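Read through the structure below, which is laid out as structure tokens, and then see the notes.
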Amino acid sequence: MRDIYFIYLANMGLNDFKLFLHGITVLLCCTYVLSFTTPEKQNFLNEEPHYHSEQQLLDLFARLAKTYPDLARVHSLGTSVDGRDLTVIEISRNVGRRELLKPMFKYVANMHGDETIGREMLINLAQYLLDNYGILPEITELVDRTDIYLMPSMNPDGFNRSKEGLCESRDKYIGRGNALNVDLNRDFPDRFEGALIHRLKPNQPETVAMIKFISLNPFVLSANLHGGAVVASYPYDNSINHNECCVNSPTPDDVMFRQLALTYASNHPTMRTGHNCEETFPSGITNGAFWYELNGGMQDFNYIHSNCFDITLELSCCKYPNASELHNEWFKNKRSLIEYMKMVHQGIKGIVTDNNGYPLQDMEVLVSNLENKPIRTTARGEYWRLLLPGEYDIQVTGFGYHPSVVQRVKVNGNQPTILNFSMTPATEENGF
């Protein structure tokens, strides 16, 4: 049998044109300019697959920040119950100096300590983004345009108590919860709890650190990575009637959330089938409450208490598979991780100022028919609003200012539409 070499050319469709040269079959397609695909760097695949210990994770991230000082910076959000660092790596062009209107994105993994695939996927992703910056145009553009935060483990204490090879949680759920055996994905303020319960409920230090992280930064999009199933789940996780399962609990942005979940699932070779782990999820996605209801979850908190859209990604039937599975899991998830990050640029964004050009904070950006989910401006007057392609009526309101004129805007795919507003102060006659 002849060896077959594929040569990819650009700019013109050509079906199965074959050139026979010295007994070698060369397949040409899509011609005019001859170009070879730039090889991507995945040096971590040359290592024996293994789970990183806490110290190995810290050492790796420190080395990445040293190797790529203009692209990577390591942060600690605080410490766990047992004093372990809650480590995040930030990746972006001119890291630490977020450019105006550059959206913030985050991945958080391992909030259940015994669900470990996501932890290693984010460690790989950090290396992949940095090693391929300036090499792969797709990755360079993504890093240039996005402020990316990766948190491999929200629950390092639980990870330390877990055991490789166990596909289900240990007795008494040791490892799933934190050092005090509290399930962190039931520990966030819930939309149906009253303010008094919020004040009286002692949150875990890991939860408090994440709440601060979410509240103090204008994240636009995020996802949290879990294990024990293969599905992309989107809010809400709970419902007014508190059904155990099988009843949808949609957000005002249900259509957008479905598309976000589909973006991940459709790029995953097994998730998209919808048939995994003896469960069936059409197209590989589900509303959280339809699957099973939970209170105090992180994805609902993101949506209700911030501008951030967050979904839950269940990546493997086995919660803590053997390390030998890690390379295969990377191949399954790499494209989904990248395509999902790109969705942070879907919709509209802009700056809201007063009539002198000064930025206005805490103005509410309202979308017709989605008024129940206003987006608030940052201290620099910025806003980002995830929307699917289509036409929308947008208005800005805020204390001390007249409501803006309603503007009709057309949203396209892939590139955000810029829409700025200049607000007029309300006069004293109007009660201000």
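Residues in the sequence shown are numbered consecutively from 61, following this note's numbering. Where a beta carbon is used, it is the ideal one built from N, C-alpha and C, also for glycine. Note that this is a predicted model, so its numbers are computed, not measured.
Judged by beta-carbon spacing, Met211 lies within the 8 Å limit of Val148, meaning their Cβ atoms are closer than that value. Secondary structure in the segment 327-401: the beta strand (DSSP E) runs of 3 residues or longer, each lying completely within the stretch, are 345-347, 369-376 in chain order. Secondary-structure assignment with DSSP links Phe104 through no beta bridge to anything.
Taking 8 Å as the cut-off, the beta carbon of Ser140 is found closer than this to the beta carbon of Asp217. In the structure shown, Gln264 adopts coil according to DSSP, grouped into three states. Contact between Lys379 and Glu175 holds, since their C-beta atoms are separated by about 5 Å, short of 8 Å. Within 10 angstroms of the beta-carbon of Ala269 lie 16 or more other beta-carbons, which makes it buried. In terms of CA proximity to Phe361, Arg246 leads the group His462, Arg246, Ala325. Contact check for Arg133 against Glu159 fails: the beta carbons are separated by 8 Å or more. Among the bridge pairs identified by DSSP, His135 is matched with Val148.
Across the structure, Val315 and Ile183 are spaced so that their CA atoms are roughly 31 Å apart.
Boundaries of the alpha helix (DSSP H) harbouring Asn220: 216-220, taken from the DSSP string.
For Ala125, no beta strand (DSSP E) run applies; the uninterrupted alpha helix (DSSP H) run containing it begins and ends at 114-127, by DSSP. In the pairwise beta carbon analysis, the segment 273-283 is classified as not touching the segment 331-339: fewer than three pairs are separated by under 8 Å.
For Tyr193, the CB contacts under 8 Å within the same chain, skipping 5 residues up- and downstream, are Tyr128, Leu131, Ile199, Thr200, Val203 in chain order. By the neighbour-count criterion, in which a residue is buried when 16 or more other Cβ atoms sit within 10 angstroms of its Cβ, Lys166 is buried. Taking one beta carbon from each stretch, the segment 407-423 and the segment 473-482 have 3 or more pairs nearer than 8 Å; the two touch.
Asn220 and Lys232 have their C-alpha atoms spaced approximately 16 Å apart.
Nearest Cα to Glu424 within the set Tyr418, Arg436, Ser376: Arg436. Comparing C-alpha distances from Tyr294 to each of Ala321, Asn301, Glu304 shows the shortest one belongs to Ala321. Distance from the CA of Arg230 to the CA of Val168, rounded to the nearest whole angstrom, comes to 23 Å.
Contact between Arg318 and Ile300 fails: their C-beta atoms lie close to 20 Å from each other, not under 8 Å. For Lys126 against Pro312, the beta-carbon gap comes to about 44 Å, at or over 8 Å, which does not count as contact.
For Asn284, the uninterrupted beta strand (DSSP E) segment begins and ends at 279-286. Annotation: the continuous alpha helix (DSSP H) that includes Val203 extends over 197-205.
Taking Thr206 as reference, the option from Ser152, Asp243, Gln187 with the minimal CA-CA separation is Ser152. The beta carbons of Asp422 and Met483 sit no closer together than 8 Å.
Distance from the CA atom of Pro449 to the CA atom of Ile364, rounded to whole angstroms, is 23 Å. Distance from the Cα of Asp145 is smallest, within the candidate group Leu105, Ser213, Pro197, Pro163, for Ser213. Rounded to the nearest whole angstrom, the CA to CA distance from Cys368 to Phe104 is 31 Å. Non-local C-beta neighbours of Asp370 in its own chain, meaning closer than 6 Å and more than five positions away in sequence, comprise Ser282, Gln359, Asn362, ordered along the chain.
Here Ile274 carries a helix assignment [DSSP, helix/strand/coil].
In the three-state reduction of the DSSP assignment, Phe481 falls in the strand class, which pools E and B. Looking at the DSSP output, Gln467 shares a beta bridge with Ile454.
Within the same chain, no residue comes within 6 Å of Gly143 by CB-CB distance, once the 5 residues on both sides are set aside. Of the candidates Pro109, Tyr209, Leu120, the residue whose Cα lies closest to the Cα of Ile177 is Pro109.
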